[in-house]
Amino acid sequence: MGTETSVVPEVTENIAMDSAEKRLNELGYKQELRREMTMFKTLAIAFSTMTLFTGITPLYGSSLLYAGPASLVWGWVVVCFFTWFVGIAMAEICSSFPTTGSLYFWAAHLAGPKWGPFSSWCCAWLETVGLIAGIGTQAYAGSQTLQSIILLSTGTNKGGGYFAPKWLFLCMYIGLTVIWAALNTFALEVIAFIDIISIWWQVIGGAVIVILLPLVALTKQSATYVFTNFELASDTTGVSSKPYAVILSFLVSQYSLYGYDAAAHLTEETKGADKNGPIAILGSIGIISVFGWAYILALTFSIQDFGYLYDPNNETAGAFVPAQILYDAFHGRYHNSAGAIVLLFIIWGSFFFGGLSITTSAARVVYALSRDKGVPFSFLWRKLHPKHKVPTNAVWLCAAICILLGLPILKVNVVFTAITSIATIGWVGGYAVPIFARMVMPEKNFKPGPFYLGKASRPTCLIAFLWICYTCSVFLLPTLYPITWDTFNYAPVALGVGLGLIMLWWVLDARKWFKGPVRNIDAQNGKV
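Start counting the sequence shown at 562; every next residue gets the next number (the working numbering).
Right, dumping it as structure tokens:
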């Protein structure tokens, strides 16, 4: 949309104004949130949202089982390669539009006046669904890790240890969600401080696990096994097609490598966000790419007995493959599980910090959409805490919905598969809308920020868009055969119903009044 690029409000003439705040005013928004975060703090939150362990750990076992180690190890490299295209495309847009609404705001302005409202509607709801489900993935995986810690601390599955039943698992899930919401009611500086701890926790903790685990393991798999061994587990997974098994083995990497848009959600609170936002996006991808691969290699080289990892009678009840790898390594050398418990606690901390950061991002998106009247009872969710200037009501709304998503834990065995698929498709699918709009818009209508791709923009966006479409498609596929009520991937049904209702709302009502981002500053005279 070309009109907004030529409007420069007089209020931005103040030479002391932050460059990102100046651009914010040009786009029609006044500065409401405190702009106190540095580039490093924004990077910390983006890194914490992606997290080193939270994507890899819960899906490592299933991805390893589908096609063996080689497909898992090289799958990370392939997915990282295409993720860079997505990140670079988003960094360029972030540099031009440093607003809290991020993806949904980008979609509205890039799609132009005709398609802007519909594009922002689709993007906003995809992102909202993805982020709230993302809180659930962290709460579930964090509870799963805590379940293994309790089991190993009380004697292991073979030694009469306590394996938390479903009702207690649900209580842990709810407890984590409530704690994250409570922490997000404090000032942003508190969250930013915790996320600074998070980045060091994950960097130092990740380095400890990556280095220590192979050293402790009595035997290590050969490089030939790790990098070239390909084997199906058709008897267990029901998947006999090699290409299909490879596709499923990539899911762990595709699930792990997103969340870097968290930096964009905080641009209205970041100093020099038109420069520091893109740096945080690309920096978080770079760190995760390296550390993630090292973590996968450490786990895979340290496998003692591949078949035993999935035995329901092993020390971790066959419920959590990384926990069994850690136990085998430390118990094999030291004849106790203390070391495995310590490293599992480090991994659990990563889930805790990741859930906290995703709650922060989810609340910011709900706040931004409510500010533009795109959520029922918007007047309630857009309210800021009078002292801390954070969207407290939006925080607790996200927490409540997340808890509702977890209630089926009591009866259904495939909850994590469904929540993971919903989070990935919603979150990554939200990336596709502004990237596609950027790809097809007239170049003359795009006002670039400091980070600008020039002629490389369109091919970069095309590759990014196609990769996102592929990623969303594979998360709708069945993951186990034969398909029964216990193995059915419920994500297509859940997303179909949810997104169908949202689209029906658009057709019947919302299209008549929803116009996308609503300016709260008069761009002609600088008045609010």
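Just so it is clear, CB atoms sit at the ideal spot from N, CA and C, and this is done for glycine as well.
Candidates the options: closest to residue i by CA position
| i | options | result |
| --- | --- | --- |
| residue 869 | 885, 862 and 861 | 885 |
| residue 767 | 853, 683, 731 and 845 | 853 |
| residue 629 | 645, 699, 788 and 1027 | 788 |
| residue 838 | 1071, 821 and 778 | 821 |
| residue 1074 | 998, 959, 1021 and 937 | 937 |
| residue 730 | 1054, 640 and 697 | 697 |
| residue 1017 | 856, 1006, 1032 and 1000 | 1000 |
| residue 625 | 917, 792 and 1065 | 792 |
| residue 924 | 959, 890 and 917 | 959 |
| residue 1006 | 671, 734, 928 and 1068 | 671 |
| residue 891 | 876, 784, 805 and 778 | 778 |
| residue 647 | 676, 860 and 1028 | 1028 |
| residue 816 | 637, 1045, 1013 and 1041 | 637 |
Residue environment, residue i, which counts as buried when at least 16 other CB atoms sit within 10 Å
| i | result |
| --- | --- |
| residue 1030 | exposed |
| residue 723 | exposed |
| residue 631 | buried |
| residue 1085 | Residue confidence for residue 1085 is low, a pLDDT of 40 falling below 50, so the modelled location carries little weight; the figure read from the coordinates is stated next. The residue is exposed, with fewer than 16 neighbouring Cβ atoms inside 10 Å. |
| residue 1004 | exposed |
| residue 674 | exposed |
| residue 728 | exposed |
| residue 1077 | buried |
| residue 955 | buried |
| residue 912 | buried |
| residue 758 | exposed |
| residue 511 | Outside the displayed range of the chain (562 to 1089) lies residue 511, so it cannot be described from this structure. |
| residue 750 | exposed |
| residue 984 | buried |
| residue 575 | Legend: pLDDT at residue 575 = 43, less than 50; position of this residue unreliable, no value from coordinates given. |
| residue 642 | exposed |
| residue 858 | buried |
| residue 874 | exposed |
| residue 772 | exposed |
| residue 678 | buried |
| residue 1072 | exposed |
| residue 1070 | exposed |
| residue 933 | buried |
| residue 1057 | exposed |
For residue j and residue i, believed in contact at Cβ under 8 Å, the rounded distance
| i | j | result |
| --- | --- | --- |
| residue 701 | residue 1024 | So it is not a contact: roughly 32 Å between Cβ atoms. |
| residue 945 | residue 952 | 6 Å |
| residue 975 | residue 1048 | 7 Å |
| residue 996 | residue 843 | At roughly 15 Å, the Cβ-Cβ gap does not stay under 8 Å, so residue 996 and residue 843 are not in contact. |
| residue 707 | residue 909 | 6 Å |
| residue 782 | residue 846 | 28 Å between Cβ atoms; not a contact. |
| residue 755 | residue 963 | About 19 Å; that fails the 8 Å criterion. |
| residue 712 | residue 901 | Going by Cβ atoms, the distance from residue 712 to residue 901 rounds to 11 Å, so no, they are not a contact pair. |
Short CB-CB distance (under 8 Å) between residue i and chain C
| i | result |
| --- | --- |
| residue 625 | Note that chain C does not occur in the displayed structure, where there is just one protein chain. |
TODO: Spell out a yes or no on whether the stretch 646-658 and the stretch 666-677 are touching, meaning 3 or more CB-CB pairs, one atom from each, closer than 8 Å.
DONE: yes
Task: alpha helix (DSSP H) runs wholly inside the stretch 958-1019, at least 4 long, in chain order - done: 976-1001
TODO: Please confirm if the stretch 879-896 is in contact with the stretch 794-804, defined as three or more CB-CB distances below 8 Å between the two stretches.
DONE: no
- [ ] Flag this pair as touching only if the stretch 890-899 and the stretch 733-753 have three or more C-beta atom pairs under 8 Å; answer yes or no.
- [x] no
Task: Validate contact between the stretch 687-700 and the stretch 989-1003 using beta carbons, cut 8 Å, 3 pairs - done: yes
Open item on the list: Could you tell me which whole alpha helix (DSSP H) segments of length 4 or greater appear in the stretch 777-819?
Closed with: 784-789, 795-798, 803-810 and 812-817
Open item on the list: Could you tell me which whole beta strand (DSSP E) segments of length 3 or greater appear in the stretch 837-893?
Closed with: none
Open item on the list: Three or more C-beta pairs under 8 Å: does that hold for the stretch 965-972 against the stretch 626-645?
Closed with: no
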